[in-house]
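Last residue of the sequence shown: 209 in our numbering, with the numbers rising by one and none dropped.
We put the beta carbon where it would ideally sit given N, CA and C, even for glycine.
In what follows, a single structure is set out as structure tokens and then discussed.
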Amino acid sequence: MNIFQTDLREAIRSIPDYPKPGIMFRDITTLLGDARAFRRAVDELVQPWAGMKIDKVAGIEARGFILGGAVAHQVSAGFVPIRKKGKLPHKRVSVAYALEYGEDMIEMHDDALVEGERVVLVDDLIATGGTAEAAVKLLRQLGADVLAACFVIDLPDLGGADRLRKLDVPVRTLISFEGH
Ligand code: AMP
């Protein structure tokens, strides 16, 4: 582990049994509040694609909005919000995905991007990859060229990054934590 990863790891607060028993919640509000860690995380997230033309950064509600907005500004790209069902006012496209119990839906405006645009997906954390997989499907429905999916935190035991790679999406994560 290098100094950068140690710094980032220390900037993240871990809260046991939230929102339910057995879950170790990785809270990035402490990272966002630390100017140096926030900047490093934003710079590092898209570092491999920094020299490429990126048309849009898509962020997943809600923490993906904060990181994705900053990344979009950094690479001079537009920002596209991917939201939970019922939050977007204009005409939408949607994709359903499975939760532990039942299913949920994420949505995007149908004019949020045009076919062939180069898009990077951003969220704070990838666990099972269910949310990010649905987001990739949503972006591809509108013809996006998904260059990469970038996350500050990986929970590798849950297999989400591998799930995305099977969809031919390059995955970048900055630090990983064992367990759930
Ligand atoms: P998944 O679809 O299982 O990959 O879950 C990813 C989404 O759930 C992300 O938007 C995360 O912010 C959130 N999430 C899942 N597990 C955790 C965790 N242990 N700590 C914080 N956020 C989590």
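Can you check whether the CB of residue 130 is closer than 8 angstroms to the CB of residue 159?
no
From the DSSP output, read off the bridge partner residues of residue 202.
180
Within the present structure, is the beta-carbon of residue 54 separated from the nearest heavy atom of ligand 1 by less than 7 angstroms?
yes
So, helix, strand or coil for residue 73, using DSSP?
helix
Which of the three DSSP states, helix, strand or coil, is assigned to residue 115?
coil
Can you list, in chain order, the residues of its chain with a C-beta nearer than 7 angstroms to that of residue 66? Leave out the 5 residues immediately preceding and following it.
36, 37, 40, 60
Residue 136, enclosing beta strand (DSSP E) - first and last residue:
132-138
Residues of its chain near residue 79, where Cβ-Cβ distance is below 8 angstroms and the 5 sequence neighbours each way are ignored:
104
Environment of residue 137 [buried if 16+ CB atoms lie within 10 Å]
buried
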